[in-house]
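These notes concern the structure reproduced below.
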Amino acid sequence: MNFTSLEFLFFFCLVFLVYWNLPDALKKHFLILSSALFYAFSSWKFLFHLILVVAINWAFIRFFLAKKWFLPVSIGFNVLNLAFFKYFYFFADIVGIFLGIPDFQNKVSLDGILSKSLDWAGFEVVLPLTISYYTFQFISLLVDKKKGTITEEIGFFKLASYIFLFPVMIAGPILRFNDVATQFDSPKMEKEDMVDGLWLVVIGLFKKSVVSVLMSGSIFQVFAETSAFSGAALLSTVYFFAIYLYLDFSGLTDIARGMGKLLGFTLPQNFRAPFFFNGFGDFWRRWHLTFSFWIRDYLYIPLGGSRSGTIRTCFNYLVAFGLGGLWHGANLNYLLWGVLTGLYLSIERVLTDWKVKILPEIPYVKRTITYLFVLNIYSISWILFFTPDFGSALAAVQRIFVWSNGVSFPNMEPCIFALLVAILFHSAEEWPDKFNIRFKWKAALLPVVWILVLLALPSGNADFFYGQF
204 MNFTSLEFLF FFCLVFLVYW NLPDALKKHF LILSSALFYA FSSWKFLFHL
254 ILVVAINWAF IRFFLAKKWF LPVSIGFNVL NLAFFKYFYF FADIVGIFLG
304 IPDFQNKVSL DGILSKSLDW AGFEVVLPLT ISYYTFQFIS LLVDKKKGTI
354 TEEIGFFKLA SYIFLFPVMI AGPILRFNDV ATQFDSPKME KEDMVDGLWL
404 VVIGLFKKSV VSVLMSGSIF QVFAETSAFS GAALLSTVYF FAIYLYLDFS
454 GLTDIARGMG KLLGFTLPQN FRAPFFFNGF GDFWRRWHLT FSFWIRDYLY
504 IPLGGSRSGT IRTCFNYLVA FGLGGLWHGA NLNYLLWGVL TGLYLSIERV
554 LTDWKVKILP EIPYVKRTIT YLFVLNIYSI SWILFFTPDF GSALAAVQRI
604 FVWSNGVSFP NMEPCIFALL VAILFHSAEE WPDKFNIRFK WKAALLPVVW
654 ILVLLALPSG NADFFYGQF
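Mapping to the numbering used here: the sequence shown position 74 is 277, numbers consecutive.
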C-alpha cells in the first residue's frame, strides 16, 4: 500500500480516528494490529514470517540474554534471515561462476531446478517488505540490550510495537529502541504537533509526488538507454539523479515523520541539507542519517573505528561501507558503490591525518574546489544505482569522460525547477531558525498549501525509488 495512494489515505484516517479515541493502555496494541494489517496488504504470508521473527528475537532476549553466545547467535539469526531472502540469487550466481554451473546464474533456470527438487511448483525466493530496515532495528536492539544501553524489560508487545510501526515500514527512518520506547506508553499530540505533522506530510508529498515525479520523466529516459545519450546528457543526469534521490527519499521520510507526529511520536531526522557538505565525511553526516549512524555504531566502531591508526581506520571504512553497499541490494554494483564510498572516506582521512595539503589556503578557493570535486565524484558514482551491471556503468562513465556525442538531455525545465526546490529545502534544513514561522501563520497557511499540493498531484501512484532497498 503506497503512502501516496487513496487506499492508504483512507487507511490512515481510519487508524487516526480510532487511535485517538482509545485509552492509552490500548493504543499500543491497536497500533500493532493496524501495522500488521498494513503489512498484510503487501503479503499476509510474510506477515506471519515477521511475527515469527519478532517472537524468536523476543525469546533470545527473554531467555538467553546472559549467555556468552547471545550476540553472535541472535545477530547471526537476523543476518541469515536477511541473507536468505535478499541474497539467495546473488550467492547462487557466485556459486555458479566458481563451479561452472550456468543454471545457477539464471534465476528462471534455478527456480525450475529447485521446484523439481523440492516438489514445490513455482518455487521462488521473494523479498519481504522492509526486511532490510527491520533487520537493522533488531540488530541495534540486541546490541544495545546486551551492552546495557537499554535497561528496561522488553516484553513481546513492546518489541512488536518497535518493529510494527507502519509509518517507518516502507523505508525508514531506521529506528533505535530508545528513540521510541517511552513514546508508546502514553502518546500525546498537542495542536502544534498536529500542525507540524500535517506540514511534514504535505512537504513530503510535494517533494515526492509533485517535484520528483516531474523530473523522473526526463532522467528515466536516460536510464533506459544510457548508450544512446551524449556525455553531456549523462553528466546532467547524474546531477539531477542526485537531486531526485534527495527529493524522493527525504520526501518519504517527511511523510513518515509527519504521520509519526500525528500518532504522537517524534521520529528521528534523516536528512540535514546533505548537498551543503564540506567533504566526503560531512556528506555522510547529513545524508540518510539513521543509516550513516547505524553503520558507524554497529559496524565501523566494532571493527575498531579510528582507534588503531590511519591504515586500520581506512580498512574499517572499506569494510563498513562495502557491507553498507550490499545492504542496498544483492548486486555487484551496490557492493562497488559501497567500497568506493569507503575509499573516498579513506583518502580524505589519510590527507587529514598525515596533514597533506593539496590546495592553497585561499579564502573560498579551497572550499569551492573541494565542493565541486566531491559533488562530481559522488554524483558519478551513483551511476551504479541506475545501471543494470558494472559493464553498463563503466560504459556510461566512459561516455562522460570522453564527452561522447549522442542524444541531448530531454526536457531540462522540470529538473531546473527541482534544483531550485532542493536548494530551498536545503536552506530550511541548514538554517531552521531563519525559516521559522509563527504558529498562527503555519496553521493559517496549512489548508491553502494542502489544496495547492493536492491539485498539483499527478494521476497514479509513483513508487518511492528507495522503497526497493
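Cβ atoms here follow ideal geometry from the backbone N, Cα and C, with glycine treated the same way.
Kindly indicate which residue of Pro-275, Gly-545, Phe-478 and Thr-352 has the alpha-carbon position closest to the one of Arg-499. Gly-545
Using the three-state DSSP reduction, which class does Val-610 fall into: helix, strand or coil? strand
Which first and last residues belong to the alpha helix (DSSP H) in which Ile-586 is found? 586 to 589
Report the start-end ranges of each alpha helix (DSSP H) in the region 379 to 444 that is 4 residues or longer and not cut off at the edges. 380 to 383, 394 to 408 and 416 to 427
Report buried or exposed for Tyr-447, applying the criterion of at least 16 other Cβ atoms within 10 angstroms of its Cβ. buried
Rounded to the nearest angstrom, how far is the Cβ of Trp-490 from that of Phe-474, given a contact under 8 Å? 7 Å
Specify the secondary structure class of Trp-304 as computed by DSSP and reduced to three states. In the sequence under discussion, the amino acid at residue 304 is Ile, which differs from the Trp named in the question. Looking at Ile-304 - three-state DSSP - the assignment turns out to be coil, as it is neither helix nor strand.
Enumerate in chain order the residues of its own chain whose CB-to-CB distance from Phe-387 is below 6 Å, with the five nearest sequence positions on each side excluded. Lys-231 and Ser-364
Contact under 8 Å by Cβ, Leu-362 with Val-371: no
Looking only at its chain, what residues have a beta carbon closer than 8 Å to the beta carbon of Ser-439, apart from the 5 residues adjacent to it on each side? Phe-612, Met-615 and Cys-618
What is the DSSP secondary structure of Gln-601, reduced to helix, strand or coil? helix
Are the beta-carbon atoms belonging to Trp-585 and Val-441 less than 8 Å from one another? yes
Please report the Cβ distance between Ile-603 and Ile-583, rounded to the nearest whole angstrom; I am assuming they are in contact, meaning their Cβ atoms lie under 8 Å. 7 Å
Quick check on the DSSP output: what are the complete alpha helix (DSSP H) runs of length 4 or more inside the region 342 to 372, in order along the chain? 359 to 366
Taking Phe-206 as part of the alpha helix (DSSP H), name the residues at either end of that continuous run. Element bounds for Phe-206: n/a, residue is neither H nor E.
Classify Val-416: buried if its beta carbon has 16 or more other beta carbons within 10 angstroms, exposed otherwise. buried
For Lys-348 and Arg-460, I'd like the C-alpha separation in whole angstroms. 25 Å
Short check: CB of Ser-246 to CB of Asn-260, under 8 Å? no
Answer yes or no: do Asp-396 and Lys-464 have a C-beta to C-beta separation smaller than 8 Å? yes
Out of Leu-660, Phe-206, Phe-380 and Trp-606, which one is the CA nearest neighbour of Ser-430? Trp-606
Would you tell me roughly how many angstroms separate the C-alpha atoms of Ile-297 and Ser-453, rounded to the nearest one? 34 Å
Answer with buried or exposed for Phe-241, where buried requires no fewer than 16 other C-beta atoms within 10 angstroms of its C-beta. buried
Using the C-alpha atoms, what's the distance from Val-221 back to Phe-380? 25 Å
Which listed residue (Phe-213, Leu-437 and Ile-357) has its alpha carbon closest to that of Leu-345: Ile-357
What residue ranges within the region 249 to 311 form continuous alpha helix (DSSP H) runs of no fewer than 4 residues, ordered along the chain? 273 to 302
Among the candidates Gly-375, Ile-235, Asp-227 and Thr-555, whose CA atom is the shortest distance from the CA of Phe-359? Ile-235
On the three-state DSSP scale, how would you describe Gly-375? coil
Candidates Phe-479, Ala-435, Met-418 and Pro-376: closest to Leu-450 by CA position: Met-418
If we count the other Cβ atoms within 10 Å of its Cβ and call it buried at 16 or more, is Cys-517 buried or exposed? buried
Minimum C-alpha distance to Phe-206 - residue among Phe-369, Ala-596 and Leu-526: Phe-369
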